[in-house]
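Read through the structure below, which is laid out as structure tokens, and then see the notes.
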Amino acid sequence: MVYDLAISKVPLRYLYSYKSQEKLEPGERVIVDFHGRKAIGYVVKVSDKPVNRELKEILQRLDRVSYLDQSDVEALERIFERFFSPPGLLFDLAFPSFIDDYAETIVESLTPLVGFGSLPLDEFVQKYGRDALKNQLDKGYIQLKKCFGKKVPKPRISKWYVVVRNGLKALMRVRDEIEYDVVSFLLTNNHATVEQLIESVGVSTKRLKQMQQEGLIELTQFLPMNAENLELAEAQLEPPPRGVTVLSGSTIEERLRSVIAFMKKITDENKSVLVLVPFTSLTYMVAGFIKKFLNVTVQVYHARMSRSQRAKVWLDSVGDRTQVVVGTRVAAFLPMKNLGLIVAEESDDDAYYQFEDPVYDALELAETRARLRGIPFVICSSEPRLVDFHRREQLKWLRIPKENRSSDVSIVDVRQSRSILSEELVKSVQKTISEGRATVILVRRKGFAPYVVCFACNHVLMCPNCDVALSFHKSQNAFKCHQCGYVQKAQSECPNCGAKALYPKGVGTERVERLLKYHFPGARIVRLESEELEPFEVQEQFLKLQTNEIDVLIGSRIVLQGFGTDRVGLICILDYDGLLSQPDYNTRLRMFQTMRKIRSNFTSARILIQTFQPQDGFLRDVFTVNSEDFYSEELKKRKEVNYPPFCDLVQVVLESDLPQTGWELVNYCVRSLEGETILGPVEHPIFKLAGKYRYHFLIKTKDLQKTLSKFNDVLMKIGRMGWRVSVNPPKLW
DNA sequence: AGCACGCCGACT
DNA sequence: GTCGGCGTGCTC
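Position 435 of the first sequence, counted from 1, bears residue number 1470 in this note's numbering, the numbering being contiguous throughout.
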């Protein structure tokens, strides 16, 4: 039998055929000789390619069983075909290599001649010796396979939170001084980490686990988001048993509340639920929120977790021990057994699309898996994705009706303003603080200022490796390139004219923080930088926002993703109009979705937008336009010029060391693609990046598979080096 | 990714 | 003469 395999860790866009005497199951792992070395291969399917060469034999079966569901193997193959990404890397996401740390090799006897049933490998060797192993393997008396279950990952819990169960009542149930100390510490501080308790109370981890057993406390990774509002929404969602449901409108809390009862129904049937979110920090908040309503195991899964934490969730997934898993895009690959429902929150977010190899759209994978398994898929966001609006007739459509939302929007012309913060903004913040409510300030750029300019000669400091202005980070006194990571010590002398006249220009989060601290010295001002915090620490900031411990919260789009925004009385948007001039066909749509999310998430906040382009009607209309009208109009425009969703758009980027050779190569490539509808080639919007020169072109196609295979043929001729392909990317740069 | 093959410098 | 630098290219 001939099988097509995806080869682990190989960044190539092919399946490779090998033969085997045995019948193999799609999804199982095997060892093969790949170009002179041993590699892990994933069985994808029985080969349907014509064989025109001598094939190598599969050397060994690793698992002898597939840990992946057959439908998931098929879904991964679809994603490989559709995104032209290396199948080996896609399968590696579903089957991460570190889980082998928890595997055990088992020796199974195949004949009553060696009648021990099965034994762990080390025991076998101890009992019978290495020679016997080899001997009996050769004779076919025994076989080897990997099993999971014996070794168990034990993630550290030092950063976990400890919360009291049953509030003050817990105090009556303590059995000794230590327990009393722990409980009273927690009652005065609301929550603490295991680490903190060990430090300040002197309790041990073991003791805390024991107290958890006794039901006094709970050890958890999640803080209880939005503690007050414990009622489920009245209108419960009941998705059809299969198919796609779009749930739009309102806030993430309300949307989750209306699917939670359905989630419970699924877990009651002993099936599990996968919830996808765009950001790492959001996994903890959503998990904590779900935990508040459902008495089930809720786990998080994302790429920034430790290996052992990820391994734990993965092993629980294949072992059918998960109930609810909340994760980022990588969680779309989790091989959950007995999956009963997939929910995707904030589905309009770009972060579901991975731009690096393996390129994939996690929502497309999720939908494919759900469809092939015949289970419901619920797509949530305050405004839907354009593709979903486009195919709305095929989907179940639910819109949570709006409450009476204030639509108090002011657009402030800052062309004449001397300060980064307009007078009107400062006044509004003042008013909001005096009302005892919180302000959220959305700033697109991090650092102190996005440019450094010379007063004398107007020279703008550029990154030596990229066509990107250097930004100034005051806290580190450094100039940084946000594209390639270049850092240099800040200087005041202009490298162009020598004058000591460099000054920072533009709006960054650090600068906004500094100015606000100047204006409001007594206020509690927090700058939320997700990179500077552990992912789970972000939930602490949002809990503080809820519990009235923050007056002003400054940050980039992460500040929009929180829970408990009822207390926010003002939201200011500082530098978003710059986006309008970006040369990207999706910019307006993304702006629309962001602004509408702001309006529906911050239920009772006034909205203040500072702009340099007050004449642009877009910012003014974006809050009042009817959503369906906007989408219809957008679709009409796209149909006229034939853009997605009316075709598939393939972006091809070439990186090269020398501008001239790159230009020739990209042109050669485009000429070879004769017959395709191609825009370009042109220089990439960021022409020079990390020392490489980049060109790109777009292919618009009605037959994606044919186009990709044609492109593949061209690459075969001219070499694969330096090419990047994205299918229907949510942004072009 | 990894490994082989190939084409140049240094050196037991 | 060979050993080995890593640039280029291929892997069923």
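Even for Gly, the Cβ is constructed at its ideal location relative to N, Cα and C.
Cβ distance (whole Å) where residue i is taken to contact residue j below 8 Å
i	j	result
Val1361	Val1335	5 Å
Phe1257	Glu1273	With 8 Å as the limit, Phe1257 and Glu1273 do not qualify as a contact, their Cβ atoms being about 27 Å apart.
Gly1076	Val1086	About 17 Å separates the two Cβ atoms, so there is no contact after all.
Arg1641	Ser1463	7 Å
Val1449	Ile1606	Contact doesn't hold; Cβ gap of about 17 Å is too wide.
Asn1702	Pro1680	Asn1702 to Pro1680, Cβ: 29 Å. No contact.
Val1687	His1731	6 Å
Arg1729	Gly1604	With a Cβ gap of about 45 Å, Arg1729 and Gly1604 do not count as contacting.
Ile1252	Val1217	7 Å
Leu1124	Pro1393	4 Å
Leu1615	Phe1653	6 Å
Ala1346	Asp1104	About 19 Å; that fails the 8 Å criterion.
Unbroken beta strand (DSSP E) run spanning residue i, endpoints
i	result
Arg1641	1641-1646
Cys1704	Cys1704 -> not in any beta strand (DSSP E); alpha helix (DSSP H) instead, spanning 1694-1707.
Pro1276	No beta strand (DSSP E) holds Pro1276; DSSP gives it neither H nor E.
Val1199	1196-1199
Gln1178	1177-1183
Arg1562	1560-1563
Glu1143	1138-1144
Thr1223	From DSSP, Thr1223 is part of no beta strand (DSSP E) but of the alpha helix (DSSP H) over 1212-1224.
Gln1518	Premise fails: Gln1518 is in no beta strand (DSSP E) and is neither H nor E.
Candidates the options: closest to residue i by CA position
i	options	result
Thr1629	Ser1510, Gly1604, Phe1658, Ala1640	Phe1658
Gln1801	Leu1222, Arg1479, Leu1156	Nothing about residue 1801 can be read from this structure; the chain reaches only from 1036 to 1768.
Ala1504	Gln1511, Ser1510, Val1488	Val1488
Met1371	Thr1363, Val1378, Val1353	Val1353
Leu1400	Phe1368, Ile1301, Pro1419	Phe1368
Lys1194	Asp1303, Glu1057, Glu1569	Glu1569
Gln1231	Gln1248, Val1198, Leu1684, Gly1250	Val1198
Leu1563	Gly1754, Tyr1553, Gln1574	Gln1574
Asp1385	Asp1351, Arg1420, Asp1355, Gln1523	Arg1420
Leu1772	Pro1276, Asp1211, Leu1460	The structure shown does not extend to residue 1772, since the chain is modelled only from 1036 through 1768, so no value can be given for it.
Leu1670	Arg1755, His1425, Cys1492, Thr1582	His1425
Ala1379	Cys1415, Cys1704, Lys1674, Leu1578	Cys1415
Asp1303	Pro1188, Val1359, Thr1315, Cys1492	Val1359
Val1067	Phe1665, Ser1043, Ala1491, Gly1150	Ser1043
Lys1509	Cys1532, Thr1544, His1517, Lys1535	Thr1544
Phe1115	Gln1740, Phe1665, Ala1338	Gln1740
Ala1129	Ile1468, Tyr1395, Leu1693	Tyr1395
Beta-bridge pairing of residue i - partner residues as DSSP gives them
i	result
Glu1399	DSSP, once it has assigned bridges, lists no residue as partnering Glu1399.
Ser1052	Asp1039
Trp1758	Leu1689
Ile1713	Ile1734
Trp1432	Val1281
Leu1369	Answer by DSSP bridge pairing: none, since Leu1369 is not bridged.
Tyr1486	Lys1540
Ala1379	Leu1311, Ile1414
Glu1063	DSSP, once it has assigned bridges, lists no residue as partnering Glu1063.
Tyr1336	Gly1362
Ser1795	The question about residue 1795 has no answer, for the chain in this structure spans 1036 to 1768.
Gln1526	Paired residues: none, contrary to the question.
Met1497	Ala1504
Cys1682	DSSP output for Cys1682 lists no bridge partner at all.
Arg1729	Glu1690
Endpoints, the alpha helix (DSSP H) within which residue i is located
i	result
Phe1746	1739-1753
Leu1550	1544-1554
His1425	1421-1425
Val1449	Where Val1449 is concerned, there is no enclosing alpha helix (DSSP H), given that its DSSP letter is neither H nor E.
Thr1467	1458-1469
Gly1652	1652-1656
Gly1150	Careful: Gly1150 lies outside any alpha helix (DSSP H) and carries neither H nor E.
Arg1673	1662-1676
Lys1162	1156-1163
Residues near residue i in its chain [Cβ-Cβ closer than 7 Å; skip 5 each side]
i	result
Gly1757	Leu1689, Glu1690, Ser1691
Glu1109	Leu1407
Leu1684	Tyr1678, Leu1733, Lys1735, Asn1763
Contacting residues, own chain, Cβ-Cβ under 6 Å from residue i (five flanking each side not counted)
i	result
Gly1726	Asn1500
Asn1330	none
Thr1403	Ala1110, Arg1113
Glu1060	Ser1101
Beta-carbon contacts of residue i that lie in its chain and below 8 Å, excluding the five residues immediately before and after
i	result
Val1422	Pro1679, Pro1680
Asn1512	Lys1524, Ala1525
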